[in-house]
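Just below is one structure, and these are the notes that go with it.
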Amino acid sequence: MDPQEHEADQGTATPAAPHMTPDELRLWGERFLDWVAGYHERIESFPVLSRVQPGEVAAGLPQSPPAAPEGFDAVLDDLDRVIVPGLTHWQAPGFFAFFPSPATGPSILGDLLSSGLGVQGMLWASSPACTELETLVMDWLVELCGLPRRFRSDGAGGGVIQDSASSSALCALVAARERALASSAGATLADLVIYTSSHAHSSIYKSARIAGFGADRVRYVGSDESYAMSPEALEGAVAADRAAGLVPCATVATVGTTSSLAFDPVARLAAIAGAEGMWIHVDGALAGAAAVCPEFRFVNRGLGAVDSYCFNPHKWLCTNLDCTAMWVADREALTGALSVTPEYLRNPESEKGTVIDYRDWQVPLGRRFRSLKLWLVLRWYGAEGLQTHIRSGVAWAQQFAGWVRSHPDFSLAAPAPLNLVCFRHRGGDEANRRILAALNDSGRFYLTHTVLDGRYTLRLSVGTVSTRAHHVEAAWEAITEAAARL
Ligand code: PLP
1 MDPQEHEADQ
11 GTATPAAPHM
21 TPDELRLWGE
31 RFLDWVAGYH
41 ERIESFPVLS
51 RVQPGEVAAG
61 LPQSPPAAPE
71 GFDAVLDDLD
81 RVIVPGLTHW
91 QAPGFFAFFP
101 SPATGPSILG
111 DLLSSGLGVQ
121 GMLWASSPAC
131 TELETLVMDW
141 LVELCGLPRR
151 FRSDGAGGGV
161 IQDSASSSAL
171 CALVAARERA
181 LASSAGATLA
191 DLVIYTSSHA
201 HSSIYKSARI
211 AGFGADRVRY
221 VGSDESYAMS
231 PEALEGAVAA
241 DRAAGLVPCA
251 TVATVGTTSS
261 LAFDPVARLA
271 AIAGAEGMWI
281 HVDGALAGAA
291 AVCPEFRFVN
301 RGLGAVDSYC
311 FNPHKWLCTN
321 LDCTAMWVAD
331 REALTGALSV
341 TPEYLRNPES
351 EKGTVIDYRD
361 WQVPLGRRFR
371 SLKLWLVLRW
381 YGAEGLQTHI
391 RSGVAWAQQF
401 AGWVRSHPDF
411 SLAAPAPLNL
421 VCFRHRGGDE
431 ANRRILAALN
441 DSGRFYLTHT
451 VLDGRYTLRL
461 SVGTVSTRAH
471 HVEAAWEAIT
481 EAAARL
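Its first residue numbered 1, the sequence shown is counted upward by one per residue in my numbering.
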């Protein structure tokens, strides 16, 4: 008996909403999944960078919501007619902009499972599998990436999946703040200082501000010629603040900066932070994934002495947004800062303290079953498959860097240790702007720029899963052709 008949039977006149039945879900699920697979098949036929004008997408759709239920054929039509032209195609093989954001099959299916199961994993008790799979997968990643054992959940530390590197930095800074206030008698929030480099991601400053640190309490420590934070400059800044009666609270180092993939010397910075009683958080957003390959484990240098670390499987480890892997060496420092327990969340398992409640490791209360997609990615690719993806990205980027080096009109603008190449034409800022515009206007590629040492710099970031060697080669050809037309 369907639910509406049942209610009629009970004499209630209130109808149920037109929820999708399992049979309808099966039907539409096949159609929509087929549409997504078709999108990936057609990906090279679209201009990589969307060509719509501001407002065009919204103007192509009704300005009011439907009054009555609509058929989903109309939705599929709208996807093709309005949404796809308004996309910048991050999965296109010519996407070399920013950092990659991979929508791989296993991660798409993992997200589907997460949505389909619809559990809310705020507490162990609110869905034990959600918590326990996450803990297991985060321990797997420690092993896979050769990370310090202290990040494993069977010691004092542990890992958690956050939505972003930004949230990870925020949680780390809140924990650092609480620890500094507890250990510095008489200090107030206004006395606490955060240190990072001007090449750190803007999310570090934003996190510091959200965590309550004053704008004048975030120090941008100087960097060396490779854009890596200088330990001597950090020592100097800390000494000056101590002399002024301030309290050094945390250092945020980056392994693989956004602009140029610079590596801060984590071991030396951690030694300074340790001596000063500061928290040290390391942001390895893109580059951390390289550690799946033993030959690139230099990205982990110094992590054995840090308080917290994160990297984004949603950048280079074949997992779609959102999935940031974050670890802490002392989980109580994090949960002590973030745990607030109202009566309605109390339950016997949490009270006994024998389970992990991930709500205490993050900003929101509710949480999705994100570990499913990471689990599926790890099982689909295995260590070998992930290593192949990382190695191919590095190899193609290195080949590109070699072409840049040997061309008389181009030069590298920064070291290129992995999959990001920063380069310039010798013609100056305007020439480089024109090369970038020519490439992006072609519809075949999307590259972005940065500014290093005050000079306009082009970035080629390799790692989109559909990219192959010939796409990188074609980008270089297009760059040299654009340069020849200057
Ligand atoms: N940190 C670094 C070094 C990044 O490159 C980025 C983004 O590119 C971020 C943080 C922000 O990442 P998320 O979007 O996960 O917050």
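C-beta atoms are modelled at their ideal positions from N, C-alpha and C, and glycine is treated no differently. Keep in mind that this is a model prediction, so the values were computed, not measured.
Sequence-distant residues of the same chain with beta carbon closer than 6 Å to Gly257, five excluded per side: The residue asked about is misnamed: residue 257 is Thr in this sequence, not Gly. Counting only Cβ-Cβ distances below 6 Å, and skipping sequence neighbours, we find His199.
Inset, instruction - Check the Cβ-Cβ distances between Gly110 and every residue of chain B, and say whether any is below 8 Å. - result: Protein chain content of the structure displayed is limited to a single chain, and chain B is not contained in it.
Worksheet entry | DSSP three-state assignment for Ala92, whether helix, strand or coil | coil
### Query
Going along the chain, which unbroken runs of the alpha helix (DSSP H) with 4 or more residues stay wholly within the stretch 13 to 68?
List check, alpha helix (DSSP H) in window: 22 to 41 and 56 to 59.
What's the C-alpha gap between Cys422 and Ala414? Each residue's alpha carbon lies about 6 Å from the other.
- For the 8 Å Cβ check, are there 3 or more pairs between the stretch 191 to 207 and the stretch 348 to 367? Put simply, the stretch 191 to 207 does not touch the stretch 348 to 367. Fewer than three CB pairs are less than 8 Å apart.
Q.
Need the endpoints of the alpha helix (DSSP H) that Trp327 sits in, please.
A. Note, Trp327: premise wrong, no alpha helix (DSSP H); beta strand (DSSP E) at Thr324 to Val328.
### Query
CA-CA distance, Ser127 and Val119?
7 Å
Inset, instruction - Going by CA-CA distance only, name the one from Gly110, Asp453, Ala291 and Thr448 that's closest to Gln387. - result: Ala291
If we ignore side chains and look at the alpha-carbon of each, how far apart do His6 and His19 end up?
-> Confidence in His6 is poor, its pLDDT being 47 and thus under 50, which makes the residue's placement unreliable; the coordinate value appears in the next sentence. Those two C-alpha atoms are separated by around 15 Å.
**Study point:** Whole-angstrom distance between Ser350 and Pro3, CA atom to CA atom
**Key:** Legend: pLDDT at Pro3 = 45, less than 50; position of this residue unreliable, value from coordinates given subsequently. C-alpha separation (whole angstroms): 36 Å.
Checklist line | Closer than 7 Å: Ala165 CB and nearest the ligand PLP heavy atom | finding: Set against 7 Å, the gap from the CB of Ala165 to the closest heavy atom of the ligand PLP is smaller.
- N-terminal and C-terminal residue of the beta strand (DSSP E) that Ala401 is part of: Unbroken run through Ala401 is the alpha helix (DSSP H), Ser371 to Ser406; no beta strand (DSSP E).
Practice task
Express the C-alpha separation of Val82 and Arg51 in angstroms, rounding to a whole number.
Solution key: 12 Å
(request) Give the DSSP bridge partners of Leu412, in chain order. (result) Phe423
| message | Within a Cβ cutoff of 6 Å, which residues of the same chain sit near Gln63, ignoring the five residues on either side of it in sequence? | response | none
With a Cβ-Cβ cutoff of 8 Å, do Gly366 and Met122 count as a contact?
-> yes
Going by DSSP in three states, Ser308 sits in which element: helix, strand or coil? strand
* Buried or exposed: Met1, going by 16 or more other Cβ atoms within 10 Å of its Cβ? -> The pLDDT assigned to Met1 is 40, lower than 50, so where the model puts this residue is not dependable, and the model offers no usable value.
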